[in-house]
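Reviewing the structure listed below.
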Amino acid sequence: MGVVTDVALGILLVSALLVVVRLVRGPTTLDRAAAADVFVAILLCGVAVLVARRGSTVFVPVLLALSLLGFASSVAVVRFLGREDPVERPDEHSAEGTDAREQQGGTP
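Residue numbering for the sequence shown follows full-length UniProt numbering, beginning at 1 and increasing consecutively.
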């Protein structure tokens, strides 16, 4: 079991390093947010491997706290980015709305 957990931790370490590179270099805020979410998931997996390696349930509350942190941070980032880029919709006061009324025979 020790060899398997060592290999798993090594793979998680390499993937965490790659995610940190994406977190630092990510061209957009959304890339950085996704990288942070993946990093939290990698931390969750690392703690789960340590729980399996030691055979102890002491770190289970840490798993719960990390999962709540990952969920809350994802929701917060999505809400923040959703406010930053509003979707433009044509309404009756825009040029597109005026063109549509003129084609239907309405007043501009």
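Glycine included, C-beta positions come from ideal geometry on N, C-alpha and C.
Of the listed residues the options, nearest to residue i (C-alpha basis)
i, options, result
"residue 19", "33, 52 and 56", "33"
"residue 62", "38, 45, 9 and 53", "45"
"residue 13", "71, 77, 38 and 57", "38"
"residue 17", "40, 4, 70 and 2", "40"
Residue i versus residue j - alpha carbon distance
i, j, result
"residue 55", "residue 83", "45 Å"
"residue 31", "residue 23", "7 Å"
"residue 80", "residue 68", "18 Å"
"residue 26", "residue 49", "28 Å"
"residue 111", "residue 51", "This structure does not reach residue 111, given that the chain is present from 1 up to 108, and the question cannot be answered."
"residue 10", "residue 78", "31 Å"
"residue 53", "residue 64", "18 Å"
"residue 57", "residue 2", "17 Å"
7 Å Cβ cutoff met for residue i and residue j
i, j, result
"residue 75", "residue 59", "no"
"residue 15", "residue 42", "yes"
Neighbour-count burial assignment, residue i, 16 or more Cβ in a 10 Å radius
i, result
"residue 35", "buried"
Endpoints, the alpha helix (DSSP H) within which residue i is located
i, result
"residue 39", "29-54"
"residue 5", "2-25"
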